[in-house]
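Trainee:
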Amino acid sequence: MKRDFNLRTVNVTRYITPLREGGSLPALAEADDDFKYVLKFKGAGHGVKALIAELIGGEIARVLKLQIPVLVYANLDEAFGRTEADEEIQDLLQGSQGLNLALHFLSGAINFDPVVTVVDAKLASQIVWLDAFITNVDRTFRNTNMLIWHKELWLIDHGASFYFHHSWTNWEKHAQSPFALIKDHVLLPQASLIQEADALFKTILTPETLQSIVDLIPLEWLDWQDTDESPEAVREVYFQFLSMRLNHSQIFIKEAQNAREALI
């Protein structure tokens, strides 16, 4: 069955409140479809690169059948935020006119607590594999970036993934890195089935699927000032990075397994 890789676009109609626990100052907002969203701004610290990481990481998680809030493109009108009293927020809104990214707000969700909730080996291994694959530095005991909603585990905040794109040099080396930071992953102690996760996920993440996910990146997010490459060429690097990393998955699997053995 062919998967639909289109994201809806909504227009932000109301800024409700900043979510100050996020380093990039995301916000709770309402859109013209009457849903509430956690809005991520391209005018925040890491700019469009954080949105690209959120988009690619989130859609890879979704195609792997891990729970993640629905992602949408979120359009900010140029007049939006002019009446905002907080100068920092007003600057953020003015610097984020146009297309941003948002996740459905999971009303009533609570932060995942590894002391309270034990995750089974299969799911833990799948999440560890995902984060090693996308080089997500941000799923630790200090900041789990997971929620419990309707008694299920939901993944959020993938904006710190693909950190190679902040320097944009030697991406081939980064694609084949063992990702040593996996040692800090909150679910690593339970992740005893990483090899099984790898075998399953390699059947799902075909070149066509990876290309479809990368093609979701809006070209306007790829027109960078710090590179001479065209938006299309930048998009192609993301595809090549993912393909190479998947083909060399044993490198990061071995790193995760060794880190887990050292823990237990």
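So for the sequence shown, my numbering puts the first residue at 1; every next one is plus one. We put the CB at the ideal spot given by N, CA and C, even for glycine. In this text the structure is predicted, and so the values were computed from the model without any measurement.
(1) Distance check for Val-234 and Gln-225, CA to CA, integer angstroms please.
(2) So what does DSSP say about Asn-11, is it helix, strand or coil?
(3) For Gln-250 and Ala-79, what's the separation of their Cα atoms in angstroms?
(4) For Ile-110, which beta-bridge partners are listed by DSSP?
(5) For Phe-201, collect the residues of the same chain with a Cβ closer than 7 Å to its Cβ; drop the 5 residues on either side in sequence, then sort them by chain order.
(6) Go to Ala-61, then tell me how far its alpha helix (DSSP H) extends in each direction, as first and last residue.
(7) Rank His-150, Phe-162, Pro-114 by C-alpha distance to the C-alpha of Lys-173 and give the top, closest one.
(8) For Asp-157, count neighbouring C-beta atoms within 10 Å of its own C-beta (all shown protein chains included) and say buried if the count is 16 or more, exposed if not.
(9) Please determine, among Gly-45, Leu-66, Asp-138, Asn-100, the residue with the shortest C-alpha to C-alpha distance to Leu-216.
(10) With C-beta atoms as the reference, is Ile-194 less than 7 Å away from Glu-59?
(11) Roughly how many whole angstroms lie between the Cα atoms of Ala-180 and Ala-256?
(12) For Pro-69 versus His-46, is the C-beta distance shorter than 7 Å?
(13) Looking at Pro-26: is its Cβ nearer than 7 Å to the Cβ of Val-38?
(14) Determine the extent of the beta strand (DSSP E) in which Glu-30 is found, giving its start and end residues.
(15) So within the segment 179-219, which uninterrupted alpha helix (DSSP H) runs reach at least 4 residues, ignoring any that extend past its ends?
(16) Please state the DSSP three-state secondary structure of Pro-18.
(17) Runs of 3 residues minimum, wholly inside the segment 115-172: which ones carry the beta strand (DSSP E) assignment?
(18) Quick one: residues in its chain with C-beta nearer than 6 Å to the C-beta of Pro-178, no 5 flanking neighbours on either side, listed in chain order?
(19) Which residue wins for smallest C-alpha separation from Leu-76, given the options Arg-14, Glu-54, Pro-18?
(20) Round the Cβ separation of Gly-159 and Ala-29 to the nearest angstrom and send it over; I've been treating them as touching at under 8 Å.
Mentor: Looking at the coordinates:
(1) Locating residue 225 in the sequence shown gives position 225, where the first residue counts as 1. Locating residue 234 in the sequence shown gives position 234, where the first residue counts as 1. Each residue's Cα considered, the two are about 12 Å apart.
(2) Sequence index remark: in the sequence shown, residue 11 carries index 11 (1-based). Asn-11: strand per DSSP, three-state reduction.
(3) Here the question's residue 250 lines up with position 250 in the sequence shown. Here the question's residue 79 lines up with position 79 in the sequence shown. Using only the alpha carbons, I get a separation of about 50 Å.
(4) For the purposes of this step, residue 110 is identified with residue 110 of the sequence shown, where counting begins at 1. The beta-bridge partner set that DSSP reports for Ile-110 consists of Ile-148.
(5) Working through the sequence shown from its first residue, we reach residue 201 at position 201. Closer than 7 Å at Cβ, skipping near neighbours: Leu-64, Trp-129.
(6) Position 61 of the sequence shown, counting from 1, holds the residue named residue 61. Start and end: 47-63.
(7) Within the sequence shown, residue 173 is the residue found at index 173, counting from 1. If we check each option's Cα against that of Lys-173, Phe-162 comes out closest.
(8) Stepping through the sequence shown from its first residue, residue 157 is reached at position 157. Flag for Asp-157 reads buried.
(9) Numbered from 1 along the sequence shown, position 216 holds the residue referred to as residue 216. That would be Asn-100, whose Cα lies nearest to the Cα of Leu-216.
(10) Counted from its first residue, the sequence shown places residue 194 at position 194. Counted from its first residue, the sequence shown places residue 59 at position 59. One thing to note: Ile-194 has its Cβ no nearer than 7 Å to the Cβ of Glu-59.
(11) On the sequence shown, position 180 is the one that residue 180 refers to. On the sequence shown, position 256 is the one that residue 256 refers to. About 8 Å.
(12) Here residue 69 refers to the residue found at position 69 of the sequence shown. Here residue 46 refers to the residue found at position 46 of the sequence shown. Not in contact: Pro-69 and His-46 (Cβ atoms no closer than 7 Å).
(13) The residue labelled residue 26 in the question sits at position 26 within the sequence shown. The residue labelled residue 38 in the question sits at position 38 within the sequence shown. Taking 7 Å as the Cβ cut-off, Pro-26 and Val-38 qualify as a contacting pair.
(14) The residue labelled residue 30 in the question sits at position 30 within the sequence shown. Looking at the DSSP string, the run of the beta strand (DSSP E) that includes Glu-30 is 27-31.
(15) Complete alpha helix (DSSP H) runs here, min 4: 194-204, 207-214.
(16) In the sequence shown, the residue the question calls residue 18 occupies position 18. Of the three classes helix, strand and coil, the one that applies to Pro-18 here is strand, per DSSP.
(17) 146-149, 152-155
(18) Mapped onto the sequence shown, residue 178 falls at position 178. For Pro-178, where only same-chain residues beyond five positions count, the Cβ hits under 6 Å are Ile-251, Phe-252, Glu-255.
(19) Taking the first residue of the sequence shown as position 1, residue 76 is located at position 76. Residue Arg-14 is the option with its Cα nearest to Leu-76.
(20) Translated into positions along the sequence shown, residue 159 becomes position 159. Translated into positions along the sequence shown, residue 29 becomes position 29. Not a contact, Cβ separation roughly 17 Å.
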